[in-house]
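In the working numbering, the protein residues as written are 7 to 371.
Everything on this sheet refers to the single structure shown next.
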Ligand SMILES: [Zn+2]
Ligand SMILES: [Zn+2]
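So this is what it looks like as structure tokens:
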């Protein structure tokens with residue numbers, strides 16, 4: 007097995023997740039923040055606000071409802087990667103992802119102004135919004151994370167404004183390949199005395215609309231299956247050698263009109279050579295040998311992993327929609343395959359544990 011494949015795909019023997027993000031919540035009720043990660047931000051926001059099952063059982067969480075999702079970080083190559091990032095974001099003062107001096111300086115800064123600075127042994131100082139954004143900015147440039155194709159999307163305009171203010175003051179510029187998007191979420195305009203579920207259970211449309219399934223990969227997988235299944239002799243677009251029918255680590259260009267296929271190892275070498283980064287093992291992006299379109303390595307990997315390990319996910323993706331009969335029972339063509347939501351359930355199970363660990367540290371007093 008090729009080592010690149012082993013690193014980025016094979017370990018979990020599951021396809022690369024369709025979507026995984028880290029998020030920053032803000033209490034609309036008290037001055038408190040919470041950092042977490044999820045494959046489904048809309049559902050998770052609902053859980054935090056108590057509108058769906060799996061919601062917070064902890065009263066400390068409940069007292070701060072409603073929670074607002076201020077921003078998400080996306081583009082993690084695996085669930086494990088997102089969890090690492092989440093942990094580092096929560097514990098920037100302790101993480102080994104950050105050089106010692108930066109860590110100590112940050113710790114000092116955090117303890118400054120407190121009457122009784124906690125002893126250094128296990129400091130968990132509360133963090134302001136500014137500190138959290140600073141940490142986020144810092145993490146994006148740290149070696150361990152700097153090669154992941156990460157992006158940030160802001161839903162709270164004022165949080166974005168604070169982010170920009172911070173960026174303008176920073177000496178180190180943010181890496182240019184991080185896309186920053188601002189898509190303000192509409193919040194319910196309710197009279198202050200409305201004590202309704204509307205207030206706490208509200209999930210903005212813009213968050214509901216985040217594609218969390220494999221839809222954006224569907225056309226690419228379909229195309230690959232067609233091209234690889236046509237029985238014709240194929241030639242690697244990079245090394246020009248013929249490809250054997252049983253070869254499995256084959257990449258297919260996602261561009262509709264392009265029929266280029268290549269060995270994964272060849273394409274990886276080509277991308278790395280274009281990047282001119284001698285230390286890198288896994289590429290970030292490069293051009294298709296045939297149509298010259300700039301392609302992201304993570305997109306190629308996601309499609310390949312889905313094709314190789316995503317049998318269940320593909321069944322879900324290509325099945326016809328569940329049809330409910332008028333009597334409420336499910337139609338014949340349904341239920342043979344699990345729903346995407348069911349597949350994700352196991353990924354969400356650690357929710358309450360995460361809360362137990364972090365929630366006390368997240369309050370600003
Ligand atoms: Zn080749
Ligand atoms: Zn192409």
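Ideal Cβ positions, reconstructed from N, Cα and C, are used throughout, including at glycine.
- Label residue 278 either buried or exposed according to how many other C-beta atoms from any shown protein chain fall within 10 Å of its C-beta, with 16 as the threshold for buried. buried
- Message: Check whether the region 75 to 89 and the region 235 to 247 touch, using three or more Cβ-Cβ pairs below 8 Å as the test.
- Response: no
- Message: Pairs of beta-carbons, one from the region 303 to 320 and one from the region 218 to 232, closer than 8 Å: are there three or more?
- Response: yes
- Beta-carbon proximity list for residue 184, same chain, < 7 Å, skipping 5 on both sides: 146, 156, 157, 158
- Message: Let me confirm a value: residue 240 is counted as buried when at least 16 other C-beta atoms fall within 10 Å, else exposed. Which label applies?
- Response: buried
- With a CB to CB cut of under 8 Å and the five nearest residues on each side skipped, what residues in its chain are close to residue 192? 210, 211, 212
- Message: Once the 5 residues before and after residue 418 are set aside, which same chain residues still bring their CB inside 8 Å of it?
- Response: Here the chain covers residues 7 to 371 and nothing more, so residue 418 does not appear.
- Task: Can you give me the Cβ contacts of residue 343 inside the same chain, cut-off strictly under 6 Å, excluding the 5 residues immediately before and after it?
- Result: With a pLDDT of only 40 at residue 343, under 50, the local geometry of the prediction cannot be trusted, and the value read off the model is given with reservation. So the qualifying residues of the chain are 321, 322, 325.
- Query: Cα separation between residue 165 and residue 266?
  - Reply: 43 Å
- Query: Name the DSSP bridge partner or partners of residue 75?
  - Reply: 31
- Task: Tell me whether the beta-carbon of residue 45 lies closer than 8 Å to the beta-carbon of residue 29.
- Result: no
- Rounded to a whole number of angstroms, what is the C-alpha to C-alpha distance between residue 208 and residue 190? 15 Å
- At which residues does the alpha helix (DSSP H) containing residue 315 begin and terminate? 303 to 315
- Message: Taking DSSP's pairing of strands, which residues face residue 249 in a bridge?
- Response: 240
- Query: Using 8 Å as the threshold, is the region 248 to 261 in touch with the region 290 to 299, meaning 3 or more CB pairs across them?
  - Reply: yes
- Item | Enclosing alpha helix (DSSP H) for residue 298 [first to last residue] | Element bounds for residue 298: n/a, residue is neither H nor E.
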